[in-house]
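Trainee: Have a look at this one before I ask anything.
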Amino acid sequence: MAMLDMLLQHGYVGKGDGKTADLTKGEREVLWDRGTVVYVEFAGVTGMEDRMGAMKTLAEEKGLRFVGLRAEEAFDSTLGQKLGRPSASPGGIAVDLSNPSLPLLDLPSASSPASASAPDPLLRLQTLLASLPAPSRPALLAHILSHLLNLAAYSIPNVSHLLLGETSTREAQRVVSGTALGRGWALPLELASATPLLAPNTDSASDPPPTTLDVSAPINPAPAPIPAAPQSITRLKPMKDVTLKEAALYCHLRGIPTVNHRKWTSEAGGGSDARGKGVHTIESLTEAFIAGLDVTHPATVSTINKTGDKLVFNGDSPSLPGPENCCPVCQTPAEPSAQAWKSRTALTSLPGRTKSIESAVPDSTDDHSGSVELAPMLCYSCLTTFTPSSTRKGTDKGQPAYLPQWVAESVRKREVPREEMRAGISGFLLDGE
65 MAMLDMLLQH GYVGKGDGKT ADLTKGEREV LWDRGTVVYV EFAGVTGMED
115 RMGAMKTLAE EKGLRFVGLR AEEAFDSTLG QKLGRPSASP GGIAVDLSNP
165 SLPLLDLPSA SSPASASAPD PLLRLQTLLA SLPAPSRPAL LAHILSHLLN
215 LAAYSIPNVS HLLLGETSTR EAQRVVSGTA LGRGWALPLE LASATPLLAP
265 NTDSASDPPP TTLDVSAPIN PAPAPIPAAP QSITRLKPMK DVTLKEAALY
315 CHLRGIPTVN HRKWTSEAGG GSDARGKGVH TIESLTEAFI AGLDVTHPAT
365 VSTINKTGDK LVFNGDSPSL PGPENCCPVC QTPAEPSAQA WKSRTALTSL
415 PGRTKSIESA VPDSTDDHSG SVELAPMLCY SCLTTFTPSS TRKGTDKGQP
465 AYLPQWVAES VRKREVPREE MRAGISGFLL DGE
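Number 497 marks the last residue of the sequence shown (our numbering); no jumps.
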């Protein structure tokens with residue numbers, strides 16, 4: 065809210081009338097002809113008050129367009145069509161979280177008769193969150209938020225920049241928690257002030273954007289998009305040098321209502337100020353630690369951010385990574401040999417001591433023989449998220465969990481049928497092979 069008010073107060077965002085500023089009269093130059101507020105609602109999984117209507121009213125009062133999305137729509141195969149983009153895949157996928165290899169199961173498409181009995185998107189999201197332990201949920205919800213924002217940005221015509229309202233306090237928390245959760249490989253890209261976005265479900269950020277999206281009614285299907293010039297969007301963080309306290313003070317002085325509790329990091333019945341009681345995630349512990357330390361050491365946030373700014377990405381071509389190099393969940397470049405890294409830091413079995421037990425227990429992986437495995441495609445952090453050391457109590461281990469739609473589309477781009485691979489090397493095979 066503070067970022068939005070600052071942009072409008074200083075005249076950086078216009079009214080969409082194409083008016084040019086007269087610099088000789090001291091008028092400020094308009095950077096963006098018109099702005100669009102993109103709001104993602106998580107009330108379906110957090111239990112908080114639904115603020116979709118209030119945010120839409122606020123955007124309209126300020127003369128801005130509004131696009132409202134819900135977190136569960138990431139599991140809706142028709143979301144792309146609702147936003148005016150052609151859907152890349154007809155059906156979704158599910159994953160067996162009880163198997164360390166994370167075998168994937170295909171789901172019926174939306175047009176299939178079998179899809180009528182499939183759970184709705186909200187139930188799919190709730191089922192996936194219930195299948196994961198509490199420490200893994202904030203990372204998944206953050207990936208859902210990031211994907212929906214990127215998808216909305218590429219669905220709105222004539223968009224050049226995606227502005228995020230993350231403060232320096234949130235950035236400092238991201239540095240500490242991201243490092244602890246194993247996101248050190250792609251962390252420099254996440255902390256960058258300006259980053260080119262990869263177009264959703266494409267190999268590059270040069271796909272033409274749709275030109276028929278009605279942002280005032282995003283739930284209505286739009287006609288087929290008209291080919292347009294290539295669109296390139298840059299993600300910016302204009303609030304990176306503003307602390308959370310400064311933003312809260314600005315909103316207080318301007319009379320702007322704010323909500324700072326996401327309820328992503330604690331379960332019901334536990335308070336974030338209980339000094340560990342009811343806190344189940346690295347994110348919540350990091351937030352409490354930095355907030356408490358910043359009281360006695362005001363330079364805590366700036367010191368952490370200066371350290372994070374020194375991080376350098378060691379991969380190749382971070383600006384436009386191909387789908388084969390990106391993690392299908394977080395859509396960031398995946399480090400090589402993530403499974404090998406995890407196997408060296410996790411105790412999975414004791415050779416020689418569990419052989420007799422394994423021979424007596426049937427192997428559960430036989431049920432998914434020949435299926436595509438998700439684990440080799442994930443980055444280290446997402447691999448840890450979906451294969452945690454502890455499992456969620458009270459959940460059915462044999463019940464597959466549904467994955468977001470963009471994960472299914474990313475996985476299908478990386479899948480190469482065995483027959484296709486054999487046909488590609490048929491000229492080099494000997495008889496009988």
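Here a beta-carbon is modelled for each residue, glycine too, at the ideal position from N, C-alpha and C.
Going straight from the alpha carbon of His74 to that of Gln237, what length do you get?
Mentor: As a first step, residue 74 is located in the sequence shown; it is residue number 10 there, counting from the start. As a first step, residue 237 is located in the sequence shown; it is residue number 173 there, counting from the start. Their Cα atoms are separated by approximately 29 Å.
Trainee: In the DSSP assignment, find the unbroken alpha helix (DSSP H) run with Leu349 in it and report its ends.
Mentor: Numbered from its first residue, the sequence shown carries residue 349 at position 285. Residues 346-360.
Trainee: Who pairs with Val159 in a beta bridge, going by DSSP?
Mentor: Along the sequence shown, read from residue 1 onward, the residue named residue 159 stands at position 95. DSSP output for Val159 lists Leu168, Ala465 as bridge partner(s).
Trainee: For Glu347, count neighbouring Cβ atoms within 10 angstroms of its own Cβ and tell me buried if that reaches 16, exposed if not.
Mentor: In the sequence shown, the residue the question calls residue 347 occupies position 283. Its Cβ being crowded by 16 or more others within 10 Å, Glu347 is buried.
Trainee: Between which residues of its own chain and Ser423 is the CB-CB distance below 7 Å, once the five residues before and five after are set aside?
Mentor: The count along the sequence shown starts at 1 and reaches residue 423 at position 359. With a pLDDT of 44 at Ser423, under the threshold of 50, the modelled position of this residue cannot be trusted; read the value that follows with caution. Excluding residues within five positions, none has a Cβ falling inside 7 Å.
Trainee: Can you name the start and end residues of the alpha helix (DSSP H) that Ala217 belongs to?
Mentor: As a position in the sequence shown, residue 217 is number 153, starting the count at 1. Start and end: 201-219.
Trainee: Could you compute how far the alpha carbon of Leu196 sits from the alpha carbon of Phe450?
Mentor: Sequence index remark: in the sequence shown, residue 196 carries index 132 (1-based). Sequence index remark: in the sequence shown, residue 450 carries index 386 (1-based). Taking the straight line from one Cα to the other gives about 7 Å.
Trainee: With DSSP as the reference, identify every bridge partner of Ala258, one or two as the case may be.
Mentor: Working through the sequence shown from its first residue, we reach residue 258 at position 194. Looking at the DSSP assignment, Ala258 forms a beta bridge with Leu300.
Trainee: Counting along the chain, where does the alpha helix (DSSP H) carrying Phe450 start and finish?
Mentor: Within the sequence shown, the letter at position 386 stands for residue 450. Per DSSP, Phe450 belongs to the alpha helix (DSSP H) from 444-450.
Trainee: Helix, strand or coil for Cys390? Go by DSSP, reduced to three states.
Mentor: Counting from one through the sequence shown, the residue named residue 390 turns up at place 326. Of the three classes helix, strand and coil, the one that applies to Cys390 here is strand, per DSSP.
Trainee: Which of the three DSSP states, helix, strand or coil, is assigned to Thr100?
Mentor: Locating residue 100 in the sequence shown gives position 36, counting from the first residue. Strand, per DSSP.
Trainee: Taking the alpha carbon of Pro202 as the point to measure from, which residue in Tyr466, Gly82, Ala85, Cys446 has its own alpha carbon closest?
Mentor: Within the sequence shown, the letter at position 138 stands for residue 202. Closest by alpha carbon: Cys446.
Trainee: Taking contact to mean 3 or more Cβ pairs, one atom from each stretch, closer than 8 Å, check whether the segment 105-117 and the segment 77-84 are in contact.
Mentor: no
Trainee: Just list the residues that DSSP pairs Phe10 with in beta bridges.
Mentor: Only positions 65 to 497 of the chain appear in this structure, which leaves residue 10 out of reach.
Trainee: With Thr243 and Met303 assumed to form a contact (beta carbons below 8 Å), what rounded beta-carbon distance in angstroms separates them?
Mentor: Taking the sequence shown and counting its residues from 1, the one referred to as residue 243 is at position 179. Taking the sequence shown and counting its residues from 1, the one referred to as residue 303 is at position 239. With a Cβ gap of about 22 Å, Thr243 and Met303 do not count as contacting.
Trainee: I'd like the list of long-range same chain contacts for Gly319, defined as Cβ closer than 8 Å, with 5 residues on each side in sequence excluded.
Mentor: As a first step, residue 319 is located in the sequence shown; it is residue number 255 there, counting from the start. No residues qualify anywhere along the chain.
Trainee: Would you check if there are 3 or more beta carbon pairs closer than 8 Å linking the segment 120-132 to the segment 158-171?
Mentor: A contact is defined here as three or more CB-CB pairs under 8 Å, and the segment 120-132 fails this definition with respect to the segment 158-171.
Trainee: Does the segment 125-139 come close enough to the segment 459-478 that 3 or more CB-CB pairs lie under 8 Å?
Mentor: Enough Cβ pairs lie closer than 8 Å, so yes.
Trainee: How big is the Cα-Cα spacing for Met70 and Leu128?
Mentor: As a first step, residue 70 is located in the sequence shown; it is residue number 6 there, counting from the start. As a first step, residue 128 is located in the sequence shown; it is residue number 64 there, counting from the start. Approximately 14 Å between the Cα atoms of the pair.
Trainee: Alpha carbon to alpha carbon, how far is Asp337 from His325?
Mentor: Counting from one through the sequence shown, the residue named residue 337 turns up at place 273. Counting from one through the sequence shown, the residue named residue 325 turns up at place 261. Residue placement at Asp337 is flagged as unreliable, the pLDDT there being 42, under the threshold of 50; the coordinate-derived value follows with that caveat. In a straight line, the C-alpha of Asp337 is about 12 Å away from that of His325.
Trainee: Assign Gly82 to buried or exposed, taking buried as 16 or more other Cβ atoms, counted over all protein chains shown, within 10 Å of its Cβ.
Mentor: Taking the sequence shown and counting its residues from 1, one reaches residue 82 at position 18. Per the 10 Å Cβ criterion, exposed.
Trainee: Please identify the residue among Leu228, Glu235, Gly99, Leu442 whose C-alpha is closest to the C-alpha of Asp373.
Mentor: Against the sequence shown, residue 373 aligns to sequence position 309. When only C-alpha atoms are compared, the closest one is Glu235.
Trainee: Give the DSSP-derived three-state secondary structure of Gly90 in the structure shown.
Mentor: Counting from 1 along the sequence shown, the entry for residue 90 is found at position 26. Coil at Gly90, not helix or strand.
Trainee: Roughly how many angstroms separate the alpha carbons of Lys309 and Thr360, rounded to a whole number?
Mentor: Residue numbering aside, residue 309 sits at position 245 when the sequence shown is read from its first letter. Residue numbering aside, residue 360 sits at position 296 when the sequence shown is read from its first letter. If you take the alpha carbons of Lys309 and Thr360, they lie about 14 Å apart.
Trainee: Are Val365 and Thr307 closer than 8 Å when you measure CB to CB?
Mentor: Here the question's residue 365 lines up with position 301 in the sequence shown. Here the question's residue 307 lines up with position 243 in the sequence shown. Their beta carbons are under 8 Å apart, which means Val365 touches Thr307 by this criterion.
Trainee: For the alpha helix (DSSP H) that Gly55 lies in, which residues bound it at each end?
Mentor: Nothing about residue 55 can be reported from this structure: the residues present for the chain run from 65 to 497 only.
Trainee: Secondary structure at Arg188, three-state DSSP: helix, strand or coil?
Mentor: Position 124 of the sequence shown, counting from 1, holds the residue named residue 188. Collapsing the DSSP output to three states places Arg188 in a helix.
Trainee: Measuring alpha carbon to alpha carbon, tell me which residue in Asn222, Ser296, Leu375 is nearest Leu261.
Mentor: The residue given as residue 261 occupies position 197 in the sequence shown. Closest option to Leu261, Cα to Cα, is Ser296.
Trainee: Rounded to whole angstroms, how far is the Cβ of Phe130 from the Cβ of Val101, which I believe are closer than 8 Å?
Mentor: What you label residue 130 is simply residue 66 of the sequence shown in a count that begins at 1. What you label residue 101 is simply residue 37 of the sequence shown in a count that begins at 1. So it is a contact: roughly 5 Å between Cβ atoms.
Trainee: Output needed for Gln403: all residues of its chain with C-beta closer than 8 Å, excluding positions within five of it in sequence on either side, in chain order.
Mentor: Here residue 403 refers to the residue found at position 339 when the sequence shown is read from its first residue. Correct list, in chain order: Ala439, Pro440, Leu447.
Trainee: In this structure, how does DSSP classify Arg115 when only helix, strand and coil are distinguished?
Mentor: Stepping through the sequence shown from its first residue, residue 115 is reached at position 51. Three-state DSSP puts Arg115 in coil, outside helix and strand.
Trainee: Report the rounded CA-to-CA distance for Leu493 versus Ala250, giving the unit in angstroms.
Mentor: Numbered from its first residue, the sequence shown carries residue 493 at position 429. Numbered from its first residue, the sequence shown carries residue 250 at position 186. Their backbone Cα atoms lie some 40 Å apart in a straight line.
Trainee: Could you give the distance in angstroms between the alpha-carbon of Pro392 and the alpha-carbon of Ser474?
Mentor: Position 328 of the sequence shown, counted from the first residue, corresponds to residue 392. Position 410 of the sequence shown, counted from the first residue, corresponds to residue 474. Rounded to the nearest angstrom, the two C-alpha atoms are 5 Å apart.
Trainee: Spatial neighbours of Ile208 within its chain, please: C-beta separation below 7 Å, excluding the five flanking residues on both sides.
Mentor: Position 144 of the sequence shown, counted from the first residue, corresponds to residue 208. Only Ala135, Ala138, Pro468 meet the Cβ criterion.
Trainee: Could you give the distance in angstroms between the alpha-carbon of Ile220 and the alpha-carbon of Asn214?
Mentor: In the sequence shown, counting from the first residue as 1, residue 220 sits at position 156. In the sequence shown, counting from the first residue as 1, residue 214 sits at position 150. In a straight line, the C-alpha of Ile220 is about 10 Å away from that of Asn214.
Trainee: Let me check understanding here. Comparing Cα to Cα, which of Ser224, Ser401, Gln463 lies closest to Arg98?
Mentor: Residue mapping note: residue 98 aligns to position 34 of the sequence shown, counting from 1. Residue Ser224 is the option with its Cα nearest to Arg98.
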